[in-house]
Amino acid sequence: MKCARFSYHRAVDVADAVTALAEADGEGKLLAGGQSLVPVMALRMAAPEVIVDVNRIPGLDHLEVHDGVLRAGALVRHAALAGQTLHPLAAAAARWIGHAAIRSRGTLAGSLAHADPSAELPAVLRACDGAVHVAGPGGSRRVDAAALFTGALQSDVGEDEMITAVELPCPDAWGFAEFARRHGDFAVVSVAAARFGSELRIVVGGVAGTPHLVPAGDLDGPLDDARVASLADAAADDVDPPSDLHGSAGHRRALTREMTRRALASVAATPAREPV
Amino acid sequence: MRITLTVNGEQHRLTVEPRRTLADALREDLGLTGTHLGCEHGVCGACTVLVDGEPVRACLMFAVQAEGCAVATVEGLAEPDGTLHPLQEAFSVCHGLQCGACTPGMLMTAAHLLAVEPDPDRERIRAEMAGNICRCTGYVGIVDAVASAAAALAQDERP
Numbered sequence: 001m002k003c004a005r006f007s008y009h010r011a012v013d014v015a016d017a018v019t020a021l022a023e024a025d026g027e028g029k030l031l032a033g034g035q036s037l038v039p040v041m042a043l044r045m046a047a048p049e050v051i052v053d054v055n056r057i058p059g060l061d062h063l064e065v066h067d068g069v070l071r072a073g074a075l076v077r078h079a080a081l082a083g084q085t086l087h088p089l090a091a092a093a094a095r096w097i098g099h100a101a102i103r104s105r106g107t108l109a110g111s112l113a114h115a116d117p118s119a120e121l122p123a124v125l126r127a128c129d130g131a132v133h134v135a136g137p138g139g140s141r142r143v144d145a146a147a148l149f150t151g152a153l154q155s156d157v158g159e160d161e162m163i164t165a166v167e168l169p170c171p172d173a174w175g176f177a178e179f180a181r182r183h184g185d186f187a188v189v190s191v192a193a194a195r196f197g198s199e200l201r202i203v204v205g206g207v208a209g210t211p212h213l214v215p216a217g218d219l220d221g222p223l224d225d226a227r228v229a230s231l232a233d234a235a236a237d238d239v240d241p242p243s244d245l246h247g248s249a250g251h252r253r254a255l256t257r258e259m260t261r262r263a264l265a266s267v268a269a270t271p272a273r274e275p276v
Numbered sequence: 001m002r003i004t005l006t007v008n009g010e011q012h013r014l015t016v017e018p019r020r021t022l023a024d025a026l027r028e029d030l031g032l033t034g035t036h037l038g039c040e041h042g043v044c045g046a047c048t049v050l051v052d053g054e055p056v057r058a059c060l061m062f063a064v065q066a067e068g069c070a071v072a073t074v075e076g077l078a079e080p081d082g083t084l085h086p087l088q089e090a091f092s093v094c095h096g097l098q099c100g101a102c103t104p105g106m107l108m109t110a111a112h113l114l115a116v117e118p119d120p121d122r123e124r125i126r127a128e129m130a131g132n133i134c135r136c137t138g139y140v141g142i143v144d145a146v147a148s149a150a151a152a153l154a155q156d157e158r159p
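These protein sequence lines are chains S and Z, in that order. Once you know that position 125 of the first sequence is 125 in UniProt numbering, the rest is easy, because the numbers rise by one and skip nothing. Once you know that position 143 of the second sequence is 143 in UniProt numbering, the rest is easy, because the numbers rise by one and skip nothing.
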């Protein structure tokens, strides 16, 4: 199907984009990569009256590490994230997103704002306890990963707001594992794991409306096979997944165990790295 | 809206509605019907073209977003005298197509793959081509074709 009519505004900077959204009075939508928005417009599940295109705003594609935190602009594409070496967990997760033609357009900030519970990057943001910077009519604010995802496809980004930058702390060790029917499909279950010092953070995607943080606690000993197995069992016990046509609750629980095991095996195998 | 874009090296000026997708602009406004449309919501990959060298679903990009961009479509693959691109040749030889609906998207996806990764193994080819759906061939011929084209292109580049 073809999209419903809309008026198009090519924003020149963040203030212009936010103003255009405010003027649209709830009928506007930001267009970044468009890989989630345009399909729902084509299916007429969404028919925004005003499209505010942020793709030409300069200065939003930066990727740099300061004090152990990756700072990424809103327009960093999945392909750029997959190709960088500053944050290996984000790179590994981004490679699982869609296909080359999706990764060349889709953006980090767009994926976070869209908040698909099966998407890779929300799980990574939560695993790294990151944050986003959100600009709106009243100025800008910082939203922690824990507060950003409020439900399936719902995030704490208002209809007149825009994510401008993302902060992703760089873990000391990391792992990412995913099961999907075909490469590029949304995950049935994905697991992002990150170790910061002795703190281990395990986040499961695809099992709830928002990325699910498994209480893993501190690592008081080595992450050996026995510890990995017990943490994987604990993760499987902790999730309460839905059943749908992609997999039953039991299947998702079994996948949670195995994907957690694989992600933690990567954490255990991550070589010690020089501080950035 | 008035836009200017370059398609296969030729500059075009167009007036389009904002909701006009790049795929429809190519097909309906420029008459370049080589780019095919299947699902029109980003799932099938038939409309894949290159925009500034990067693969893009032309049904998920509005033509107004391509202002000033260089677009490459399947029409630009063959030589001006009609000599097929090694990928086109290989798809023909290896039976990598049957009805042809998916083929332009397959070719542009494969062209990008071989540009960034000249020697992919069959597993890589399968993974990278997984975003393009074919309902005829069963994919084996397509994987054969991309592998064969990679070998032919490597041969061509030998001094």
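Glycine is no exception: its CB is placed at the ideal position from the N, C-alpha and C atoms.
- [ ] For my contact list, THR260 (chain S) and ALA232 (chain S) are in at a C-beta cut-off of 8 Å; report their separation, rounded to the angstrom.
- [x] Numbered from its first residue, the first sequence carries residue 260 (chain S) at position 260. Numbered from its first residue, the first sequence carries residue 232 (chain S) at position 232. Between ALA232 (chain S) and THR260 (chain S) the Cβ distance is about 4 Å, and since that is below 8 Å, they are a contact.
Open item on the list: Taking 8 Å as the threshold (beta carbon to beta carbon), is LEU43 (chain S) in contact with chain Z?
Closed with: Position 43 of the first sequence holds residue 43 (chain S). Output row for LEU43 (chain S): interface = yes.
Task: Chain-ordered neighbours of GLN35 (chain S) on chain Z, where CB pairs are closer than 8 Å - done: Stepping through the first sequence from its first residue, residue 35 (chain S) is reached at position 35. Residues of chain Z passing the Cβ test: GLY42, ARG57, LEU60.
- [ ] For HIS36 (chain Z), go through chain S and note every residue whose CB falls closer than 8 Å to its CB, in chain order.
- [x] For the purposes of this step, residue 36 (chain Z) is identified with residue 36 of the second sequence, where counting begins at 1. Chain S residues near HIS36 (chain Z): none, gap ~14 Å exceeds 8 Å.
TODO: Could you check if GLY205 (chain S) is buried or exposed, using at least 16 other CB atoms within 10 Å of its CB as the buried criterion?
DONE: For the purposes of this step, residue 205 (chain S) is taken as residue 205 along the first sequence, with counting starting at 1. Under this definition GLY205 (chain S) is a buried residue.
TODO: Run down chain Z in chain order and give the residues with a C-beta less than 9 Å from the C-beta of LYS2 (chain S).
DONE: Reading the first sequence from its first residue, position 2 is the one you call residue 2 (chain S). Within chain Z, the residues near LYS2 (chain S) are ARG19, ARG20, THR21, ASP24, GLU40.
- [ ] Inspect the beta-carbon positions of ASP127 (chain S) and ALA82 (chain S) and report whether they are closer than 8 Å.
- [x] Here residue 127 (chain S) corresponds to residue number 127 of the first sequence, with the count starting at 1. Here residue 82 (chain S) corresponds to residue number 82 of the first sequence, with the count starting at 1. Here residue 127 (chain S) turns out to be Ala, not Asp, going by the sequence shown. Not closer than 8 Å, so no.
Task: Residues near ASP118 (chain S) by beta carbon distance below 7 Å, same chain, minus five either side - done: Position 118 of the first sequence, counted from the start, is the residue given in the question as residue 118 (chain S). The sequence shown places Ser at residue 118 (chain S), not Asp. For SER118 (chain S), the CB contacts under 7 Å within the same chain, skipping 5 residues up- and downstream, are PHE186, ALA187, GLY205, GLY206 in chain order.
Task: Three-state secondary structure assigned by DSSP to PHE186 (chain S) - done: Along the first sequence, one-based indexing puts residue 186 (chain S) at 186. Coil, per DSSP.
TODO: Quick one: grab the DSSP three-state call for SER24 (chain S).
DONE: One-based indexing of the first sequence puts residue 24 (chain S) at position 24. One point to set straight first is that residue 24 (chain S) is Ala, not Ser, in the sequence displayed. Assigned with DSSP and collapsed to three states, ALA24 (chain S) falls in helix.
TODO: Could you tell me which chain S residues have their CB closer than 7 Å to the CB of HIS112 (chain Z), listed as they occur along the chain?
DONE: Walking along the second sequence from the start, residue 112 (chain Z) turns up at place 112. The contacting residues are ALA100.
Task: Proximity to GLY197 (chain S) [Cα-Cα], best of S:MET45, S:LEU86, S:LEU223, S:PRO211 - done: By 1-based counting over the first sequence, the position of residue 197 (chain S) is 197. It is S:LEU223 whose Cα lies nearest to the Cα of GLY197 (chain S).
Task: Environment of GLY31 (chain Z) [buried if 16+ CB atoms lie within 10 Å] - done: The residue you call residue 31 (chain Z) lines up with position 31 of the second sequence. Exposed, because fewer than 16 other Cβ atoms sit within 10 Å of the Cβ of GLY31 (chain Z).
Task: Best match in S:ALA145, S:ARG253, S:ASP25 for proximity to VAL166 (chain S) [C-alpha to C-alpha] - done: What you label residue 166 (chain S) is simply residue 166 of the first sequence in a count that begins at 1. Nearest of S:ALA145, S:ARG253, S:ASP25 to VAL166 (chain S), Cα basis: S:ALA145.
Open item on the list: Suppose the cutoff is 7 Å on Cβ atoms and the five residues either side in sequence are ignored; what does the same chain contact list for ARG142 (chain S) look like?
Closed with: Taking the first sequence and counting its residues from 1, the one referred to as residue 142 (chain S) is at position 142. Only ALA131, HIS133 meet the Cβ criterion.
Open item on the list: Closest to LEU200 (chain S) by C-alpha separation, out of S:LEU219, S:GLU159, S:HIS114, would be which residue?
Closed with: Here residue 200 (chain S) corresponds to residue number 200 of the first sequence, with the count starting at 1. Minimum Cα distance to LEU200 (chain S) is reached at S:LEU219.
TODO: Check whether the Cβ of ASP16 (chain S) lies closer than 8 Å to any Cβ atom in chain Z.
DONE: Start at 1 with the first residue of the first sequence, and residue 16 (chain S) comes out as number 16. Not one chain Z Cβ lies under 8 Å of ASP16 (chain S).
Task: Strand pairing of TRP96 (chain S), partner residues [DSSP] - done: What you label residue 96 (chain S) is simply residue 96 of the first sequence in a count that begins at 1. Answer is none; TRP96 (chain S) lacks a bridge partner.
TODO: Just the C-alpha distance for ALA94 (chain S) and ALA70 (chain Z), rounded to the nearest angstrom, thanks.
DONE: On the first sequence, residue 94 (chain S) is found 94 positions in, with the first residue counted as 1. On the second sequence, residue 70 (chain Z) is found 70 positions in, with the first residue counted as 1. When rounded, the distance between both Cα atoms is 26 Å.
Open item on the list: With distance defined between alpha-carbon atoms, name the residue in Z:THR137, Z:ALA154, Z:ALA149, Z:ASN132 nearest to HIS183 (chain S).
Closed with: Within the first sequence, numbered from 1, the residue matching residue 183 (chain S) stands at position 183. Of Z:THR137, Z:ALA154, Z:ALA149, Z:ASN132, the residue nearest in Cα terms is Z:ASN132.
Task: Own chain partners of MET1 (chain S) with C-beta closer than 8 Å, once the 5 adjacent residues on each side are dropped - done: Residue 1 (chain S) sits at position 1 when you count from the first residue of the first sequence. Within the same chain, MET1 (chain S) has close Cβ partners ALA42, LEU43, ARG44.
- [ ] Sort S:VAL267, S:CYS3, S:ASP160 by Cα distance to ILE202 (chain S) and report the nearest one.
- [x] One-based indexing of the first sequence puts residue 202 (chain S) at position 202. For ILE202 (chain S), the closest C-alpha among the options S:VAL267, S:CYS3, S:ASP160 is that of S:VAL267.
- [ ] Determine the direct distance from the alpha carbon of CYS94 (chain Z) to that of LEU60 (chain S), and round the result to whole angstroms.
- [x] Here residue 60 (chain S) refers to the residue found at position 60 when the first sequence is read from its first residue. Here residue 94 (chain Z) refers to the residue found at position 94 when the second sequence is read from its first residue. Pairing LEU60 (chain S) with CYS94 (chain Z), the inter-Cα distance amounts to about 44 Å.
Open item on the list: Just to make sure I have the definition right: I need the residues of chain S whose C-beta is within less than 9 Å of the C-beta of GLY45 (chain Z). Which are they?
Closed with: Reading the second sequence from its first residue, position 45 is the one you call residue 45 (chain Z). Chain S residues near GLY45 (chain Z): HIS99, ALA101.
Task: Every unbroken alpha helix (DSSP H) inside the region 92-144 of chain S [4 residues or more] - done: 100-103, 108-114, 120-127
- [ ] Report the residue from S:SER155, S:SER36, S:ALA135 whose alpha carbon sits nearest the alpha carbon of VAL14 (chain S).
- [x] For this step, residue 14 (chain S) is matched to residue 14 along the first sequence. Nearest neighbour of VAL14 (chain S) by Cα position, chosen from S:SER155, S:SER36, S:ALA135, turns out to be S:ALA135.
- [ ] Buried or exposed for GLU157 (chain Z), please, with buried defined as at least 16 other CB atoms from any protein chain shown within 10 angstroms of its CB.
- [x] Here residue 157 (chain Z) refers to the residue found at position 157 of the second sequence. Exposed, by the Cβ-count rule.
Open item on the list: In this structure, how does DSSP classify GLU258 (chain S) when only helix, strand and coil are distinguished?
Closed with: Residue 258 (chain S) sits at position 258 when you count from the first residue of the first sequence. It is helical.
- [ ] Would you check if the region 41-54 of chain Z and the region 106-125 of chain Z touch, i.e. whether three or more CB-CB distances between them fall below 8 Å?
- [x] yes
Open item on the list: Three or more C-beta pairs under 8 Å: does that hold for the region 57-66 of chain Z against the region 13-33 of chain Z?
Closed with: yes
Task: Three-state secondary structure assigned by DSSP to GLU128 (chain Z) - done: Along the second sequence, one-based indexing puts residue 128 (chain Z) at 128. Helix at GLU128 (chain Z).
- [ ] Within its chain, find whatever has a CB closer than 6 Å to the CB of SER148 (chain Z); leave out the 5 residues flanking it on each side and keep chain order.
- [x] As a position in the second sequence, residue 148 (chain Z) is number 148, starting the count at 1. The residues are ALA90, CYS94.
Open item on the list: I'd like the list of long-range same chain contacts for ARG252 (chain S), defined as Cβ closer than 6 Å, with 5 residues on each side in sequence excluded.
Closed with: In the first sequence, counting from the first residue as 1, residue 252 (chain S) sits at position 252. The answer, listed in chain order, is VAL189, VAL207, PRO241.
Open item on the list: Just list the residues that DSSP pairs HIS9 (chain S) with in beta bridges.
Closed with: Here residue 9 (chain S) refers to the residue found at position 9 of the first sequence. Per DSSP, the beta bridge partners of HIS9 (chain S) are S:VAL52.
Open item on the list: Please list, in chain order, the chain Z residues whose beta carbon lies closer than 7 Å to that of SER7 (chain S).
Closed with: Here the question's residue 7 (chain S) lines up with position 7 in the first sequence. For SER7 (chain S), the C-beta contacts it makes with chain Z under 7 Å involve PRO18, in order along the chain.
Task: Under 8 Å between C-beta atoms of GLY38 (chain Z) and PRO39 (chain S) - done: Walking along the second sequence from the start, residue 38 (chain Z) turns up at place 38. Walking along the first sequence from the start, residue 39 (chain S) turns up at place 39. No. Outside cutoff.
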